[in-house]
Structure formats: C-alpha cells, structure tokens
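Notes for the one structure printed next.
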Amino acid sequence: ADKPLVSWLLPVKDTPPEWLHEALESIHVQRGVPADSYEVVLVDDGSSDPSTLSYLATLEAPVRVVPGEGRGLGAALNMGWKAARGDFVVRLDGDDVAHPDRLLKQLKYMAGHPSLSILG
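Listed below in structure tokens is the structure:
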C-alpha cells in the first residue's frame, strides 16, 4: 500500500466501544482530507474488557490494531510511533473526538511553518 500522509496514533486500554467508535468516526469525517491519505494506528495496551476486545476485532483498514504489552501510555505511544507509516503523526486518545477541521488546519499550519516538527 502507498505511504499515508498522516498516521493517527490512538492508544487504548479497556476503552468503552462507544467512545472508540466516536473517536474513530471523528477521524473518518475530517474535512478536506482524502480518505486514502491516512491510517489509524490503534495500540491496544493490554485490554481485557470483553466489549473492548470484541469491538477491536471488528476494525478494518484504514485502522491497524497493534497489540501492546500493557506497559502504560508511554510504551504504547512508542510502539505506535514505530508502527506509524505517515509523514505526520497525529495523536488522539480513545475518549476524545477530533474537531472536523483539526487535521486540515494543522496540516496547513505545518506547511506554512516548515521549521516546526511538533504542533499541539
């Protein structure tokens, strides 16, 4: 597959499926960003909740579930960073919802400020 422009990095552990659905939906509906220009690297940091595990098992491309080691957020983020293939890595937590213009605004800002390597 082609290299995506953006890798969304989403660490989770026993996150309720309805929260994950909302977080993922907020990624999928980003305005001004082609559907084939991103991937979601979802790091499961050792979930044991059956509803979370069932939901994760249903996910398909562009979502990739990366099995974590249950070592906490820092380790999960490092695993996800290593698995990310995009030119840009965008963070989102499993209980967050991204504004529909978030990515477009951030990419435009980064394009206008090439010396930046991190943008919050």
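So in this note's numbering, spot 119 of the sequence shown is number 155, and the numbers just go up one at a time. In this text, a Cβ means the ideal position worked out from N, Cα and C, and glycines have one as well.
With a contact defined as Cβ atoms closer than 8 Å, D80 and L95 miss out at about 10 Å. Secondary structure at P86: helix, using DSSP grouped into helix, strand and coil. E75 places its beta carbon 8 Å or farther from that of G108. The alpha helix (DSSP H) runs of length 4 or more contained entirely in the stretch 89-155 are, from start to end of the chain, 109-119 and 138-148. About 4 Å separates the CB atoms of A112 and P47; that is less than 8 Å, so the two are in contact. Boundaries of the beta strand (DSSP E) around S43: V42 to V48.
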